[in-house]
Amino acid sequence: SKKVELIYQEVWGLLLSYNVIRREASQAAVAFGRSASEIRFKPVAHYIAVQLIVMAAANPISATGRRLTELRAGIGGLFLDRRPRPTRPRTVKISKTRYPVNRKAAPLK
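For the sequence shown, counting from 1, position 37 maps to 77 in my numbering; every step adds exactly one.
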């Protein structure tokens with residue numbers, strides 16, 4: 041954009057779209073009984089963008105509430121996987137080196 045007002049308009053549009061995506065993701069998380077932080081943002085943003093394009097072309101407009109419910113149901117597959125905690129503590133493996141290592145040396149401070 042070549043005008044300051046148009047730049048402000050673009051930034052405002054980006055902020056509004058970000059907030060709409062976050063709101064829909066958090067509503068979907070509530071519907072599934074999960075935390076909103078457990079949803080992956082990029083896939084949700086892409087999914088919502090595609091679904092909003094489809095919704096804009098759909099008729100009748102009175103079915104928007106049903107479509108939003110379907111949108112939130114579709115977001116349910118985009119949660120982060122819950123991974124189990126490791127049973128043993130993490131360790132650092134020593135990599136092989138070409139040079140001799142003095143294992144009795146004092147630790148670095």
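For glycine and all other residues, C-beta sits at the position ideal for the given N, C-alpha and C. Bear in mind the structure is a predicted one, so any value in this text is a computation, not a measurement.
Given Leu111, which residues of its chain have a CB within under 6 Å of its CB, disregarding the five upstream and five downstream residues? Gln91
Segment limits, alpha helix (DSSP H) that includes Asn59: 44-72
Within a Cβ cutoff of 8 Å, which residues of the same chain sit near Arg80, ignoring the five residues on either side of it in sequence? Leu118, Phe119, Leu120
Around the C-beta of Val84, are 16 or more other C-beta atoms found within 10 angstroms, so that it is buried, or is it exposed? buried
Just verifying my parser: in three-state terms, what is the DSSP assignment at Ile79? strand
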